[in-house]
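Start counting the sequence shown at 1; every next residue gets the next number (UniProt numbering).
A short write-up of the structure that comes next.
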Amino acid sequence: MFGFLLISNRNQVLYYGGDSIFDSYLYGRLCSEGLVSPDAPSTSSGVYSDTSSTESLRVSDETAASSEPRIAEKSANPEISHLFLPLILMYRSFNSRCYDKIYSTTSDQVTILLKRLKYDFLLISIGSSQQEQRRFMDYMELGLDINIGPLLPLIESDLETVHLATELLKSLSDKPYTFENKKIRNFLDIRRALFFQSETSMAMPLLSTMAMHLQDALGPLRILLACKGDILASVNSTEEEKVTLKHLTSYDLNFLLQQISALESIDNGKIFQAWLRSKKSIIPYFVNVIVCNTIGGLTLICLCEAKYGALIRAVATFLVQLDRVETTDDVIQAIQDMGKTVEAISRYFLAMAASNTSRRLKNAGFIKSPELTSSFIRTLWRRTEALLQLSKVNIAKKPGATMSISSLRSAFSTLSLSSTQTQNSAALREKLSARCQMMISYVHRQATNMLQELCMESYGKSSQKKLELFMRITFCTLNTTRSTLLSDAGLAWAAERKVDAFKEFLRPMSLGLDMIAFSVSIPSKSISVTYTTEWMRKEFDLSLRPPAPSCCMSITGKSGAQYKLYRMRSEEKEPLSGINMLKNLRGSRRINSYAIALFREGIHNELAERQMRRLLKLITNQMSSIPFQIN
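Printed below as a string of structure tokens:
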């Protein structure tokens, strides 16, 4: 069994989905609770069922797939909300006293995981595999962070700024149990970049020229050349250390690449906005993402900061600070930080007023009169600060504090849990005063509306113009440049025909190694090289991760076959190259690399270790040979 529910901060079920067992269970519970008639069509509450209802969460060994697509509901479903309300309220009550980001309860049949998202939204997962459930929840949280970011409270609206997030949730509601592509990669896999290294090197001058011309129209930007969801090359239009461009997290880039790969009809270009984080800050940047297909199955991706980007990020920072004020250990420091952020927001609005461009906005609210908005946000903050100073937030920690099992059984009775084990943290907190909480909620709503207006104005005012400029400059650059992978159809098609050989590239047997699959990573560079096969994805459910930096463990595949999984760490001096030569002038730099490899069961440990050391040396040398930046 697998299912999930997204709960709003008003305790309403916004989206839900699952396999046929989960749907059948929901329908059975709704009937037994009298929320729907057993004679009514099973889709009346958004739940599809072609099997008899069940009164327990006992699951079979194999998860059945729905024979028809289920109905995804955008609005809150009152029947489903009523069914899970005891569980939600119990979590809220417990969470208000004992703050913990994730909470679980387990019976003999299933595990229920609860995870608090930003702004008191809640994600619930019900299933028989905690590893799969946690992976799915992490994937959904990342998808919401990138597609809607701090505008999550507006997820129920029909605004353009939440469209990508609602499309993501609808797709997950349709087939949430399809895990092949629903995982987060924490490194950029550069195996394809190594395979096309010679072709890509010829195209680098063209990409640099394109970035220079585009910067004149769009400002500082970053261009990515991608193929089938992998980055082949990356070019920055400026050498300045702009975190927006140079230091994006691999998690966000991988998710963005996966999302772009699923887009249709982008031959004429497409522009959308995303919230992307850098490695240096948890606060995301509001970024324009412009994509278009080129010849040979290649995709050009342009990332540039959106209009009002600095102000948007300041408001987003303020929202994060408001969300954390109730759980911080240092309220005085939190108040000081929020005061600085409010001052920055006020200055940005005053600068906007001085530019006088906002006077032409007819439908704007906050932007129409930046001076009044600057004064308004300062006034709100002074009142909020006074209430926070009056409220005493005391934090006491009591090890071993647990929740009553009998109260949990009562709360989960509608879920038919016969026995329960719970996990929770033990930090008990006194809440802010009711008046202070109401003020924080009001300020949060105003700041969210302010952010929404800025994002809408940033998107609507210039998005189409930016797309047209990008397409025109790209077309002109490609047509006036000598033959390269991007500008010459013959070279592009030759490279595309070469793709057939990619399956054998860095195959262990061709390297004289006995392993079946491997992955070598350099965490400091956020890059990896992975070789695997299609049958392995069917043999193993999830990515295999040994528990220790250097170890060996035996595992069993779905077919019953036995394997050995090895992991090894190596610390070596970084090879000199044009990129890192200047960095090494002050002294040698040592980097850690890790290898994970899968062998057949009969491999001898000493032989496997020798091959692991050889693998690390071969692949890390390959990875350092790329003369241009990937990330």
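We put the CB at the ideal spot given by N, CA and C, even for glycine.
DSSP, read as helix, strand or coil, puts F470 in helix. The continuous alpha helix (DSSP H) containing Q258 extends over residues 250–261. A direct Cα-to-Cα measurement between S593 and L607 gives close to 20 Å. Out of R116, F4, R600, the CA that lies nearest to the CA of G560 is found in R600.
Membership of Y566 in the beta strand (DSSP E) is indicated by the continuous run 562–573. By the neighbour-count criterion, in which a residue is buried when 16 or more other Cβ atoms sit within 10 angstroms of its Cβ, S458 is buried. In the DSSP assignment, L122 is bridged to I7, R116.
Fewer than three Cβ pairs drawn from the segment 24–38 and the segment 151–159 lie within less than 8 Å of each other, which leaves the two stretches out of contact.
Bounds of the alpha helix (DSSP H) holding S346 are 331–355. Shown here for S554: same chain residues with a beta carbon closer than 8 Å to its own, the five before and five after excluded, namely Q562, Y563, K564, L565, E601 in chain order.
Beta-carbon to beta-carbon, F470 and L225 are separated by about 14 Å, too far to satisfy the 8 Å threshold. Excluding sequence positions up to five before and after I266, its CB lies within less than 7 Å of the CB of V291, C292, N293, all in the same chain and listed in chain order. Segment contact: the segment 118–127 against the segment 229–243, fewer than three CB-CB distances shorter than 8 Å; contact not assigned. Taking the Cβ atoms as the reference, M210 lies roughly 6 Å from I223, within the contact range of under 8 Å. Under the three-state reduction of DSSP, D230 is assigned to strand. Counting C-beta atoms within 10 angstroms of its own C-beta, S81 has 16 or more neighbours from the protein chains shown and is therefore classed as buried. The C-alpha of S521 is placed about 9 Å away from the C-alpha of D189. By the 16-neighbour rule on beta-carbons within 10 angstroms, Y285 is buried. Pairing A274 with I603, the inter-Cα distance amounts to about 47 Å.
Taken atom to atom, the span from the alpha-carbon of I283 to that of Q446 is near 19 Å. Here L616 really is in contact with A595; their C-beta atoms are around 5 Å apart, less than 8 Å. Three or more Cβ pairs closer than 8 Å define a contact, and the segment 139–149 meets that threshold against the segment 161–172. For Y531, no alpha helix (DSSP H) run applies; the uninterrupted beta strand (DSSP E) run containing it begins and ends at 527–531, by DSSP. Shown here, D189 sits in a strand according to DSSP, grouped into three states. If you compare the alpha carbons of L263, N11, I260, L207 with that of S237, the shortest gap goes to L207.
Secondary structure note for Q109: it is in no alpha helix (DSSP H), with a DSSP letter that is neither H nor E. Here Y91 is near L114, since their CB atoms are less than 8 Å apart. A Cβ-Cβ separation of about 5 Å places F187 in contact with S526 under the 8 Å criterion.
Each residue's CA atom was taken as its position, placing F4 and L256 some 23 Å apart. The alpha carbon of L14 has as its nearest neighbour, out of I124, L511, S24, the alpha carbon of I124. In the DSSP annotation of this structure, M553 is not part of any alpha helix (DSSP H); the continuous beta strand (DSSP E) holding it starts and ends at 551–556. Counted as a single uninterrupted DSSP element, the beta strand (DSSP E) harbouring G17 occupies residues 13–18. Looking at the backbone, the Cα of S462 and that of R382 are separated by about 35 Å. Looking at the DSSP output, K270 sits in a beta bridge with V291. In terms of Cα proximity to S107, the closest of L263, L172, S128, G28 is S128. Here S157 carries a coil assignment [DSSP, helix/strand/coil].
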